[in-house]
Structures are given as structure tokens and as C-alpha cells.
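Numbering (the UniProt record's numbering), first residue to last: 1 to 267.
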């Protein structure tokens, strides 16, 4: 029995390094695609979006089918016509295609504005994600069916843990290491207009420039508005709660999109 456990544990170490290498390569691929998206003319930019959308769609398809089949297993008889009709979920899988395309476009638009420190956090997270994936697989292997073990681990345990870690990392980086600008004396719509202009100018394509500029305007404009409104709230507790909620929402918004590619390729 001891020899069997040693032999079964032996392949785990090489597989762990394969996962680490693969996720580092995936993050590097996102970096390359983001730089290509920045410089791409309008006829090439959609191809880059489609290229990134495919792994995202694959992850969405996997998650959708997992939830659908779990529901069917619990609610519908095994040989019923309803179960056979809904098992493959063709319509739902097709409907996830535009969602994946939009998700990929947003992810690229956010990624072009990442600093070197942000990318360092993402590469570090790729290593943690790969190690965590292998650890969680081993922890729940005896409790989950082998054919759904990977998709089970990639859903809520890995997703929630990694999202929380990225949220905390980007929160600390954005607001304590890099530092957020003081915009209390500037009108929020002026800040938004300037952010839109600077964001759109770095792109070679007009529509991708509009997308990047709009996201920059939303982020900087909401930050300026929060600095002007929240300090005027009555009571220290209300101001503190509002700041924490705003910063957490902003960090979650950014981290969730950036996490998409890691989740798509985590297996």
C-alpha cells in the first residue's frame, strides 16, 4: 500500500510543473495579445479578440454544461426524452459565443493599460493558480467523480480563492504601492474626458481606442466622483464604509476580467 501511494504521487510533481509552465505561458500570451491589440489596425483587431475569446468560451461552455447536467441528473429520469434533448445544451453553448467575444474585448482593453507591476502580479498569480489547482485536486479527489474532478475544482473553489487573492493584490498595488491620484479639486467630467482622450490615443484602431478610452473614463471619472462625494457623507463610519465598498468594487471589477484567461486555461 505504501509503495502504491508513492507511485501514484510520483507523477504529481512533473504535472505541477507542467501546469506552472502552461499558466505562465498563457499569461505571456495575454501580454503579447494586449500589445498586439494596441498596435493592430481595425481589420486585425477583431481577429485578436476572437483568438482570446476561444479559451474564454471554452471555460464558459464547460461551466454551463456542468451546471446543466448536474441539474438534469437531479431532476430528470435517466432515459427520459427531456434529458436527452437538453443534455448537450447546444443553444446555451451558442449563446455564450457573443458573451465570450465581449468578455475578450473588455479583457484586452483593460490589459493594454497594465503597468509592469500589474503584469508581475499576474505572472505570480499564474504560479499560485497552478499550484493551487493541483492541491485542490488532491484534496477533493476522493470525494468527487474522476470524470468531473477537473471542472469541479476549476469552478467555485479555485475561482473564488483566486479572485479573492487577485482582488487583494490589485487593491494594494493600485492604492498603496502605485498610489491613486488626488482629484478632489477637478471636476469628474473633466477627468473623464481627459482619461478618454489619453486612453483612445494609445490605440491604432478607432473602435478599440473608443473602448479603451471609455473604460479609462469610467475608472478615472468614478474615482474623481468618489473623492468628491464620499468625504461629505455624515459620520466617520459612513465615509469609511463607502470608501471600502468603492475600492473593493473597483478592484473586483478589474480583477474579475483579468482572471478570465487564467480560469479558461487553468486545467
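Idealized CB from N, CA, C, for every residue including glycine.
Closest residue to residue i among the options (Cα-Cα distance)
i, options, result
"residue 53", "69, 72, 29", "29"
"residue 291", "33, 158, 124, 140", "Residue 291 cannot be examined here, being either before or after the span of the chain that is shown, 1 to 267."
"residue 212", "186, 143, 114, 150", "114"
"residue 180", "89, 219, 20, 27", "219"
"residue 166", "125, 59, 148, 240", "125"
"residue 174", "118, 203, 201", "118"
"residue 232", "203, 37, 189, 184", "184"
Per-residue burial, residue i [other beta carbons within 10 Å of its own, 16 or more giving buried]
i, result
"residue 47", "exposed"
"residue 162", "buried"
"residue 199", "buried"
"residue 235", "exposed"
"residue 102", "exposed"
For residue i, three-class secondary structure by DSSP
i, result
"residue 18", "helix"
"residue 203", "coil"
"residue 57", "helix"
"residue 161", "helix"
"residue 5", "Any answer about residue 5 is weak, because its pLDDT of 35 lies below 50 and its placement is not dependable; what the coordinates show is given next. Reduced to three states, the DSSP call for residue 5 is helix."
"residue 183", "coil"
"residue 279", "The first residue shown for the chain is 1 and the last is 267, placing residue 279 beyond what the model contains."
"residue 89", "coil"
"residue 210", "helix"
"residue 121", "helix"
"residue 235", "coil"
Within 7 Å, strictly: CB atoms of residue i and residue j
i, j, result
"residue 224", "residue 191", "yes"
"residue 129", "residue 23", "yes"
"residue 57", "residue 105", "no"
"residue 144", "residue 62", "no"
"residue 98", "residue 205", "no"
"residue 195", "residue 214", "no"
"residue 89", "residue 72", "no"
"residue 112", "residue 137", "no"
"residue 127", "residue 20", "yes"
"residue 187", "residue 45", "no"
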